[in-house]
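Counting in my numbering, the sequence shown runs from 610 upward without gaps. Just so it is clear, CB atoms sit at the ideal spot from N, CA and C, and this is done for glycine as well. It should be emphasised that the depicted structure is a prediction, and the values quoted were computed from it without experimental measurement.
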Amino acid sequence: GEDLEGKLFRHPDYAPDDEYYMFDSDDLWSDGAYVLLGSDPTRVFVWIGIEFKECDFNDAASCQAFAERATGSLRRSVYVKEGTPVIAVRENREPDVFWDYFVL
């Protein structure tokens with residue numbers, strides 16, 4: 610894949626000080642959810658760990674609804690362009706493009 614630029618946050622901590630730098634796959638913990646704001650093209654990936662409790666991991670609609678809520682929370686601290694696509698990503702089912710934002 611290509612090297613893509615993004616900002617990573619662990620839900621629900623979206624203040625600028627909470628941003629991860631030089632993040633890799635080890636930063637994603639199964640009991641959490643993480644929001645990755647990608648640029649060029651602008652899109653939001655919301656990664657949901659298998660043990661995360663705020664949505665039903667096995668229900669795609671539940672995960673997507675959570676992803677939209679998390680993106681709404683992110684918008685309170687970080688600028689996200691209107692109409693930006695929001696993509697729910699479940700642990701162990703990540704699309705290859707998701708990993709293009711990571712160091713490893």
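Endpoints, beta strand (DSSP E) assigned at residue i
i      : result
Ala734 : Residue 734 is absent from the model: the chain starts at 610 and stops at 713.
Phe618 : Gly615 to Arg619
For residue i, the first and last residue of its enclosing alpha helix (DSSP H)
i      : result
Trp708 : Asp705 to Trp708
Sheet register partners of residue i (DSSP bridge)
i      : result
Ala594 : Any answer about residue 594 is impossible in this case: the structure gives the chain only from 610 up to 713.
Tyr629 : Leu617
Three-state class that DSSP yields for residue i in the structure shown
i      : result
Arg678 : helix
Arg702 : coil
8 Å contact criterion, which residue i and residue j should meet: CB distance rounded
i      : j      : result
Glu677 : Val695 : 6 Å
Ser634 : Phe711 : 6 Å
Val655 : Thr680 : 7 Å
Is it the case that the region 662 to 672 contacts the region 681 to 694, given that we only count it when at least three CB pairs across the two stretches are under 8 Å?
Touching, no.
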